[in-house]
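Presented below is the structure to which this report refers.
Residue numbers (this note's numbering), protein chains in the order written: chain A, 17 to 134; chain B, 2 to 113.
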């Protein structure tokens, strides 16, 4: 199994809603990532979990809350978002975490969750 | 200065030609370099990575790295219309948390 599965594919939410994005991989990867991508822009790193511990938080607003329940799952909890948070949210995984070998840091991306905040 | 710089294009080449995509980076200590391809509406997928100076070939793709010049490139030989996509250069920094930083991407069009 060489896939990263993200759900839901599309999400529309109001500014007062609470929702979650989910990501799952069964490749035995020990690092998982959330990236945000706006149209015609590159992916922008949000969070990195390495061995189920949060290792990088790119000063993301607290209305985004990541969670890594185990080595295969990664969630992104959303609360009180703004319309400018509308974007494609990409989950990725790599064999090992930051600081370890080139091949081990190849990112495998999920298909993304397209979020629209009204 | 952006950490990873690419010409946004679009780069247009005829079918069968060589497409040359370029990338420069600012962190001299960076060790690993990646090329990802992203089709419109899809997520990025790895083409290849390189970490030693010189060339690395994989089928129609060749990555070239010159750490002294802080420059990495991707050559696509015998370009096909199916190669039309945005090509993202990514660099793994060796400082500040060892993050993978993406360039803005170069849009490639291969004309049949």
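Ideal placement from N, C-alpha and C gives every residue a C-beta, glycine not left out.
Since the structure is predicted, the reported quantities are computational estimates derived from the model, not experimental observations.
*asked:* Does chain B have any CB closer than 9 Å to the CB of residue 76 of chain A?
replied: no
* Would you say residue 132 of chain A faces chain B, with C-beta separation under 9 Å as the test? -> no
- Quick one: which chain A residues come within Cβ less than 8 Å of residue 3 of chain B? Simply none; closest approach about 10 Å.
- Task: Measure the alpha-carbon distance for residue 102 of chain A versus residue 52 of chain A and round it to whole angstroms.
- Result: 9 Å
With a 10 Å radius around its C-beta and 16 neighbouring C-beta atoms as the bar for buried, classify residue 31 of chain A as buried or exposed.
In this structure residue 31 of chain A is exposed. Its beta-carbon is surrounded by fewer than 16 other beta-carbon atoms within 10 angstroms.
Cβ of residue 125 of chain A within 9 Å of any chain B Cβ: yes
Going by CA-CA distance only, name the one from A/100, A/36, A/62, A/35 that's closest to residue 55 of chain A.
A/100
Q.
Can you tell me whether residue 56 of chain B is helix, strand or coil according to DSSP?
A. strand
Check: Residues in the segment 66-91 of chain A with C-beta within 9 Å of chain B's C-beta atoms, listed in sequence order?
Finding: The residues in question are 71, 72, 74.
Let's see if you can read the secondary structure: which residues bound the beta strand (DSSP E) around residue 91 of chain A?
89-95 is the extent of the beta strand (DSSP E) around residue 91 of chain A.
Proximal residues of chain B, C-beta to C-beta of residue 61 of chain A below 8 Å: 100, 101, 102
(Q) Which residue wins for smallest C-alpha separation from residue 6 of chain B, given the options B/17, B/96, B/85, B/22? (A) For the set B/17, B/96, B/85, B/22, the Cα lying nearest the Cα of residue 6 of chain B is the one of B/22.
TODO: Give a yes or no on whether 9 Å exceeds the smallest Cβ distance from residue 43 of chain B to chain A.
DONE: Closer than 9 Å to some Cβ of chain A, the Cβ of residue 43 of chain B qualifies, so yes.
message = Measuring CB atoms only, is the segment 22-37 of chain B touching the segment 77-96 of chain B, in the sense that at least three cross pairs come out at less than 8 Å?
response = yes
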